[in-house]
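Take a look at the structure below.
2 protein chains.
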Amino acid sequence: MRACRREPTPYTPVWLMRQAGRYMREYREVRARTSFLELCKTPDLAAEVTVTAAERLKVDAAIIFADILLIIEPMGLDLEFAKGEGPVIHNPVRAAADVERLREVETIESLEYVMQAIRATRRALKPDLPLIGFSGAPFTLASYIVEGGASKNYVHTKRLMYEDAGAWHGMMSLISRALAKYLNAQIAAGAQAVQIFDSWVGCLSPDDYREYVLPHTRAVIEQVTPGTPVIHFGTGTAALLELLREAGGDVIGFDWRVRLDEAWARVGDDVAAMGNFDPVRLFADVEHVRAEAKKILAQAAGRPGHIFNLGHGILPETPVENVIALVEAVHEYSQR
Amino acid sequence: MRACRREPTPYTPVWLMRQAGRYMREYREVRARTSFLELCKTPDLAAEVTVTAAERLKVDAAIIFADILLIIEPMGLDLEFAKGEGPVIHNPVRAAADVERLREVETIESLEYVMQAIRATRRALKPDLPLIGFSGAPFTLASYIVEGGASKNYVHTKRLMYEDAGAWHGMMSLISRALAKYLNAQIAAGAQAVQIFDSWVGCLSPDDYREYVLPHTRAVIEQVTPGTPVIHFGTGTAALLELLREAGGDVIGFDWRVRLDEAWARVGDDVAAMGNFDPVRLFADVEHVRAEAKKILAQAAGRPGHIFNLGHGILPETPVENVIALVEAVHEYSQR
Numbered sequence: 135m136r137a138c139r140r141e142p143t144p145y146t147p148v149w150l151m152r153q154a155g156r157y158m159r160e161y162r163e164v165r166a167r168t169s170f171l172e173l174c175k176t177p178d179l180a181a182e183v184t185v186t187a188a189e190r191l192k193v194d195a196a197i198i199f200a201d202i203l204l205i206i207e208p209m210g211l212d213l214e215f216a217k218g219e220g221p222v223i224h225n226p227v228r229a230a231a232d233v234e235r236l237r238e239v240e241t242i243e244s245l246e247y248v249m250q251a252i253r254a255t256r257r258a259l260k261p262d263l264p265l266i267g268f269s270g271a272p273f274t275l276a277s278y279i280v281e282g283g284a285s286k287n288y289v290h291t292k293r294l295m296y297e298d299a300g301a302w303h304g305m306m307s308l309i310s311r312a313l314a315k316y317l318n319a320q321i322a323a324g325a326q327a328v329q330i331f332d333s334w335v336g337c338l339s340p341d342d343y344r345e346y347v348l349p350h351t352r353a354v355i356e357q358v359t360p361g362t363p364v365i366h367f368g369t370g371t372a373a374l375l376e377l378l379r380e381a382g383g384d385v386i387g388f389d390w391r392v393r394l395d396e397a398w399a400r401v402g403d404d405v406a407a408m409g410n411f412d413p414v415r416l417f418a419d420v421e422h423v424r425a426e427a428k429k430i431l432a433q434a435a436g437r438p439g440h441i442f443n444l445g446h447g448i449l450p451e452t453p454v455e456n457v458i459a460l461v462e463a464v465h466e467y468s469q470r
Numbered sequence: 135m136r137a138c139r140r141e142p143t144p145y146t147p148v149w150l151m152r153q154a155g156r157y158m159r160e161y162r163e164v165r166a167r168t169s170f171l172e173l174c175k176t177p178d179l180a181a182e183v184t185v186t187a188a189e190r191l192k193v194d195a196a197i198i199f200a201d202i203l204l205i206i207e208p209m210g211l212d213l214e215f216a217k218g219e220g221p222v223i224h225n226p227v228r229a230a231a232d233v234e235r236l237r238e239v240e241t242i243e244s245l246e247y248v249m250q251a252i253r254a255t256r257r258a259l260k261p262d263l264p265l266i267g268f269s270g271a272p273f274t275l276a277s278y279i280v281e282g283g284a285s286k287n288y289v290h291t292k293r294l295m296y297e298d299a300g301a302w303h304g305m306m307s308l309i310s311r312a313l314a315k316y317l318n319a320q321i322a323a324g325a326q327a328v329q330i331f332d333s334w335v336g337c338l339s340p341d342d343y344r345e346y347v348l349p350h351t352r353a354v355i356e357q358v359t360p361g362t363p364v365i366h367f368g369t370g371t372a373a374l375l376e377l378l379r380e381a382g383g384d385v386i387g388f389d390w391r392v393r394l395d396e397a398w399a400r401v402g403d404d405v406a407a408m409g410n411f412d413p414v415r416l417f418a419d420v421e422h423v424r425a426e427a428k429k430i431l432a433q434a435a436g437r438p439g440h441i442f443n444l445g446h447g448i449l450p451e452t453p454v455e456n457v458i459a460l461v462e463a464v465h466e467y468s469q470r
């Protein structure tokens with residue numbers, strides 16, 4: 135929490151995106167009994183995997199176990215996690231008429247299970263360990279809603295954007311209103327910071343980002359309950375960093391494709407920085423993991439406001455001992 | 135050719151990556167009779183699709199129909215294009231021992247079919263239309279060789295790189311030596327410029343690019359027959375542009391994730407610039423295509439040395455009439 139506010143800390147805090155995930159035996163055991171979406175919707179189990187991961191790794195924050203897409207269900211989208219295929223939306227939005235039938239999310243009651251999971255986690259977690267809430271950012275949500283799942287080229291998304299700007303902005307506004315309510319409900323339930331994941335925004339040109347995305351992301355961030363830090367994260371954002379900053383956030387999250395020192399200089403020293411260890415490095419030997427952690431810490435140079443993290447989520451086959459070694463290395467090398 | 139040398143031209147020249155491809159009926163008719171690899175290996179057919187595409191689109195250059203991976207076959211790699219799955223390498227390199235069994239490419243005799251296709255194309259093409267030869271760049275070739283095909287996270291590639299730098303550099307050197315011979319053979323056969331495609335290099339951090347890739351790409355470019363322009367292209371390179379420039383090339387090719395004016399300023403005004411229309415825009419209406427072409431031309435501001443192109447290859451489902459409209463718009467809007 136102090137790092138989010140750019141206050142000095144005794145060492146650099148670290149947590150890892152997707153720290154509760156398939157790479158961890160304890161998580162796989164829970165998943166053997168439960169589907170992914172069931173796990174998200176069962177507060178006690180979601181709390182259990184959240185707390186177990188944070189304690190096992192000895193990280194400095196927990197992030198609630200959930201999915202970036204949960205908010206699209208109350209909009210009337212039929213979301214399924216097909217085995218081994220990732221998310222599938224059975225009624226994707228392709229045209230203005232589809233946007234018309236999206237439901238305005240008046241209350242987030244149908245997502246109450248997330249708030250219950252946050253409350254259960256907050257009760258089970260050590261009092262000094264912050265809990266982060268999250269969701270997908272407007273563009274990344276829109277890309278799933280339009281494509282009907284993951285995408286390589288975002289053809290449907292961009293076609294809608296380019297051919298029917300009115301429909302596009304209508305959809306993005308609806309998503310943004312829902313998102314602000316959802317994040318604030320998570321905060322009311324006990325999330326002490328919130329992160330928005332604009333995981334796929336890197337497919338856009340800077341001009342498109344400015345025109346079609348920035349106003350909506352900014353609207354969400356501006357509506358977040360004052361006093362709660364917002365972490366604004368994206369991947370493939372090397373040409374978008376200044377614009378992400380302009381959209382807002384107390385902390386900007388970088389992927390590994392940019393140097394942390396250069397990226398931080400570009401977004402300015404009035405924001406905190408999160409990142410940016412390549413998750414693929416966790417497949418190399420422990421010596422490599424430790425050496426690279428040291429390099430990133432050297433780029434941050436002990437400056438207040440650095441939250442160590444990966445540049446994207448932990449991959450399923452990652453050796454858990456390397457993840458633990460990374461957390462240890464960050465704590466060890468950053469002692470002031 | 136004049137644009138490659140940054141000399142003034144009466145209008146901005148344009149050609150399009152993968153201009154001979156599945157989006158075009160004439161190409162699909164040839165492919166109905168022939169597999170992809172057979173087509174590459176049948177000089178008369180390769181020449182036919184090369185010439186047909188260039189004439190149909192009225193572009194200002196032809197690029198020989200071939201694949202970026204052909205050079206890996208004489209290294210002893212078992213390459214197949216599985217239907218609908220893209221390239222598969224049945225004996226991928228995963229460790230130092232696998233690098234040891236790669237064959238040094240002493241002569242490019244086994245790739246003589248490419249040179250025959252170049253000669254046949256040169257004979258059939260209008261004399262004033264330049265013909266471009268090409269190959270994958272060392273890193274992109276290495277990523278296919280190690281992964282055994284396309285990849286999402288490049289886990290095997292990076293693991294080899296990080297865990298066994300000796301084996302990595304040995305493999306990259308072997309690839310680079312083969313590549314220089316191959317590009318020069320294409321030039322001897324009649325290619326007037328050559329392009330290296332570092333399509334997947336954007337998965338690397340700048341520091342990794344500098345250490346593991348730059349020396350090898352530079353070695354290739356330095357060995358290209360003097361006087362022949364080299365086009366150095368990559369995608370996802372927003373954080374790597376200065377390093378790509380350092381590795382070399384007379385023309386640097388950009389994807390759409392960067393603004394052309396900013397990217398060109400970063401690589402310097404002593405190189406030409408190629409790009410950078412998002413191929414997905416070709417799915418929108420013709421008005422959009424024309425307007426966006428105009429915007430890119432405005433960024434180049436009529437400066438000599440701009441070659442208009444896409445930011446990556448034409449996608450299979452692209453409407454051919456939009457591709458033709460793009461070429462027309464570039465010619466129309468750039469008349470001096």
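Respectively, the protein sequence lines represent chains A and B. Quick note on numbering: my numbering labels position 213 of the first sequence as 347, and the sequence is numbered without any gaps. Quick note on numbering: my numbering labels position 76 of the second sequence as 210, and the sequence is numbered without any gaps. Even for Gly, the Cβ is constructed at its ideal location relative to N, Cα and C. Nothing here was measured: the structure is a model prediction, and the numbers come from that model.
Notebook entry, point to check: Would you call the segment 302-318 of chain A and the segment 381-397 of chain B in contact, with 3 or more CB pairs under 8 Å?
Noted result: Verdict: no, contact absent.
Checklist line | Nearest-angstrom Cα separation, counted from A/Pro208 out to B/Asp298 | finding: Counted from its first residue, the second sequence places residue 298 of chain B at position 164. Counted from its first residue, the first sequence places residue 208 of chain A at position 74. Going by the C-alpha atoms only, they are around 50 Å apart.
Check: Closest Cβ-Cβ distance between A/Arg293 and chain B: below 8 Å?
Finding: For this step, residue 293 of chain A is matched to residue 159 along the first sequence. Yes, A/Arg293 counts as interfacial toward chain B.
Next item on the list: Take B/Val347 as the anchor and find which of B/Leu378, B/Ala434, B/Asp212, B/Gln326 has the nearest alpha-carbon.
Entry: For the purposes of this step, residue 347 of chain B is taken as residue 213 along the second sequence, with counting starting at 1. Measuring from the Cα of B/Val347, the nearest candidate turns out to be B/Leu378.
Next item on the list: Run down chain B in chain order and give the residues with a C-beta less than 7 Å from the C-beta of A/Asp412.
Entry: Translated into the one-based positions of the first sequence, residue 412 of chain A becomes position 278. Against chain B, the beta carbon of A/Asp412 has neighbours under 7 Å at Ser339, listed in chain order.
Item checked: Nearest-angstrom Cα separation, counted from B/His224 out to A/Glu462 -> If you number the first sequence from 1, residue 462 of chain A lands on position 328. If you number the second sequence from 1, residue 224 of chain B lands on position 90. So the two alpha carbons sit approximately 39 Å from each other.
Note to self: Is the separation between the beta-carbon of A/Ala284 and that of A/Leu294 shorter than 8 Å?
What the structure shows: Working through the first sequence from its first residue, we reach residue 284 of chain A at position 150. Working through the first sequence from its first residue, we reach residue 294 of chain A at position 160. Contact: no.
Next item on the list: Quick one: which residues of the segment 286-312 of chain A get their C-beta closer than 8 Å to a C-beta of chain B? List them in chain order.
Entry: Answer in chain order: Asn287, Tyr288, Val289, Lys292, Arg293, Tyr296, Glu297.
Next item on the list: Find the residues of chain B that neighbour A/Trp390, judging by a C-beta separation of less than 7 Å, and give them in chain order.
Entry: Working through the first sequence from its first residue, we reach residue 390 of chain A at position 256. Going along chain B in sequence order, the residues near A/Trp390 (Cβ under 7 Å) are Ser339.
Notebook entry, point to check: Measuring CA to CA, which of B/Val392, B/Leu449, B/Ser339, B/Ala373 is closest to A/Tyr343?
Noted result: Start at 1 with the first residue of the first sequence, and residue 343 of chain A comes out as number 209. Checking every option, the nearest Cα to that of A/Tyr343 belongs to B/Val392.
Notebook entry, point to check: Three or more C-beta pairs closer than 8 Å, one from the segment 258-268 of chain A and one from the segment 181-189 of chain A: is that the case here?
Noted result: Under the 8 Å Cβ criterion, the segment 258-268 of chain A counts as touching the segment 181-189 of chain A, having at least three qualifying pairs.
Checklist line | Interface positions of the segment 329-353 of chain A facing chain B (Cβ-Cβ less than 9 Å), listed along the chain | finding: Correct list: Gly336, Cys337, Leu338, Ser339, Pro340, Asp341, Asp342.
Notebook entry, point to check: From the DSSP output, which residues share a beta bridge with A/Phe442?
Noted result: Taking the first sequence and counting its residues from 1, one reaches residue 442 of chain A at position 308. Paired residues: A/Val148, A/Gly409.
Notebook entry, point to check: Closest Cβ-Cβ distance between B/Leu449 and chain A: below 8 Å?
Noted result: As a working note, residue 449 of chain B is residue 315 in the second sequence. Taking Cβ atoms only, chain A reaches closer than 8 Å to B/Leu449, which makes this a yes.
Notebook entry, point to check: What three-state label does DSSP hand B/Glu182 in the structure shown?
Noted result: As a working mapping, residue 182 of chain B is identified with position 48 in the second sequence. B/Glu182 sits in a helix when the DSSP states are folded into three classes.
Note to self: Does any residue of chain A have a CB that is nearer than 8 Å to the CB of B/Phe417?
What the structure shows: Indexing the second sequence from 1 puts residue 417 of chain B at position 283. It does: the Cβ of B/Phe417 has a partner Cβ on chain A nearer than 8 Å.
Checklist line | Interface positions of the segment 138-171 of chain B facing chain E (Cβ-Cβ less than 8 Å), listed along the chain | finding: Judged by its chain identifiers, the structure shown contains no chain E, and its protein chains are A and B.
Next item on the list: Output yes or no for whether 8 Å exceeds the beta carbon distance between A/Leu171 and A/Gly210.
Entry: Translated into positions along the first sequence, residue 171 of chain A becomes position 37. Translated into positions along the first sequence, residue 210 of chain A becomes position 76. Between A/Leu171 and A/Gly210, the CB-CB gap reaches or exceeds 8 Å.
Checklist line | Distance, A/Leu374 Cα to A/Asp341 Cα | finding: Taking the first residue of the first sequence as 1, we reach residue 341 of chain A at position 207. Taking the first residue of the first sequence as 1, we reach residue 374 of chain A at position 240. Distance between the alpha carbons of A/Asp341 and A/Leu374: 9 Å.
Next item on the list: For B/Arg470, collect the residues of the same chain with a Cβ closer than 7 Å to its Cβ; drop the 5 residues on either side in sequence, then sort them by chain order.
Entry: Walking along the second sequence from the start, residue 470 of chain B turns up at place 336. Taking B/Arg470 as the centre and dropping the five residues before and after it, the same chain places the C-beta of Pro144, Tyr145, Gly436 closer than 7 Å to its C-beta, in chain order.
Checklist line | Whole-Å CB distance - A/Cys174 paired with A/Ala180, under 8 Å assumed | finding: Translated into the one-based positions of the first sequence, residue 174 of chain A becomes position 40. Translated into the one-based positions of the first sequence, residue 180 of chain A becomes position 46. So it is a contact: roughly 6 Å between Cβ atoms.
Margin query: Which runs of the beta strand (DSSP E) at least 3 residues long sit entirely within the segment 234-296 of chain B? Give them in chain order.
Written below: Within the segment 234-296 of chain B, the complete beta strand (DSSP E) segments at least 3 residues long are 265-270, listed from N- to C-terminus.
Checklist line | Contacting positions in the segment 359-384 of chain A - beta carbon closer than 9 Å to chain B | finding: Listed by position along the chain: Gly370, Thr371, Ala372, Ala373, Leu374.
Margin query: Rounded to the nearest angstrom, what separates A/Val289 and B/Leu449 at their Cα positions?
Written below: Here residue 289 of chain A corresponds to residue number 155 of the first sequence, with the count starting at 1. Here residue 449 of chain B corresponds to residue number 315 of the second sequence, with the count starting at 1. A/Val289 and B/Leu449 have their C-alpha atoms spaced approximately 10 Å apart.
Next item on the list: Alpha carbon to alpha carbon, how far is B/Glu160 from B/Gln153? Give it in angstroms, no decimals.
Entry: Position 19 of the second sequence, counted from the start, is the residue given in the question as residue 153 of chain B. Position 26 of the second sequence, counted from the start, is the residue given in the question as residue 160 of chain B. Looking at the two C-alpha atoms, the distance is approximately 12 Å.
Item checked: CB of A/Ser333 within 8 Å of CB of A/Thr274, strictly -> Taking the first sequence and counting its residues from 1, one reaches residue 333 of chain A at position 199. Taking the first sequence and counting its residues from 1, one reaches residue 274 of chain A at position 140. Annotated as proximal: A/Ser333 and A/Thr274, with beta-carbon spacing under 8 Å.
Notebook entry, point to check: So, does the CB of A/Arg424 fall closer than 8 Å to a CB anywhere in chain B?
Noted result: In the first sequence, the residue the question calls residue 424 of chain A occupies position 290. Not a single C-beta of chain B is nearer than 8 Å to the C-beta of A/Arg424.
Next item on the list: Could you tell me whether any Cβ in chain A is nearer than 8 Å to the Cβ of B/Arg400?
Entry: As a position in the second sequence, residue 400 of chain B is number 266, starting the count at 1. Output row for B/Arg400: interface = no.
Next item on the list: Report yes or no: is there a C-beta of chain A within less than 8 Å of the C-beta of B/Arg393?
Entry: Locating residue 393 of chain B in the second sequence gives position 259, where the first residue counts as 1. Yes - at least one Cβ of chain A is within 8 Å of the one on B/Arg393.
Next item on the list: Note down the Cα distance separating B/Phe442 from B/Pro360, rounded to an integer number of angstroms.
Entry: Numbered from its first residue, the second sequence carries residue 442 of chain B at position 308. Numbered from its first residue, the second sequence carries residue 360 of chain B at position 226. Rounded to whole angstroms, B/Phe442 to B/Pro360 spans 24 Å at the Cα level.
Next item on the list: Determine, using beta carbons only, whether A/Ala319 and A/Met249 come nearer to each other than 8 Å.
Entry: Within the first sequence, numbered from 1, the residue matching residue 319 of chain A stands at position 185. Within the first sequence, numbered from 1, the residue matching residue 249 of chain A stands at position 115. Yes, these two residues count as a Cβ contact at 8 Å.
Next item on the list: Have a look at B/Ala200, B/Arg190, B/Val164, B/Val233 and flag the residue whose alpha-carbon is nearest the alpha-carbon of B/Ala251.
Entry: Here the question's residue 251 of chain B lines up with position 117 in the second sequence. With distances taken between Cα atoms, B/Ala251 lies closest to B/Ala200.
Item checked: Residue(s) in a DSSP beta bridge with B/Glu214 -> In the second sequence, the residue the question calls residue 214 of chain B occupies position 80. In the DSSP output, where bridge partners are listed per residue, B/Glu214 has B/Val222.
Checklist line | Pair within 8 Å by beta-carbon distance, B/Tyr157 and B/Thr369 | finding: Translated into positions along the second sequence, residue 157 of chain B becomes position 23. Translated into positions along the second sequence, residue 369 of chain B becomes position 235. With respect to B/Thr369, B/Tyr157 sits apart: the two C-beta atoms are not nearer than 8 Å.
Next item on the list: Please name the residue in B/Gln357, B/Ala325, B/Ser169, B/Gly383 whose C-alpha comes closest to that of B/Gly402.
Entry: By one-based count along the second sequence, residue 402 of chain B stands at place 268. Across the set B/Gln357, B/Ala325, B/Ser169, B/Gly383, the C-alpha of B/Gly383 shows the shortest separation from the C-alpha of B/Gly402.
Note to self: Among A/Thr362, A/Glu426, A/Arg400, A/Cys138, whose alpha-carbon lies nearest the alpha-carbon of B/Ser339?
What the structure shows: To locate residue 339 of chain B, count along the second sequence from 1; it is residue 205. Nearest in C-alpha terms to B/Ser339, of all of A/Thr362, A/Glu426, A/Arg400, A/Cys138, is A/Glu426.
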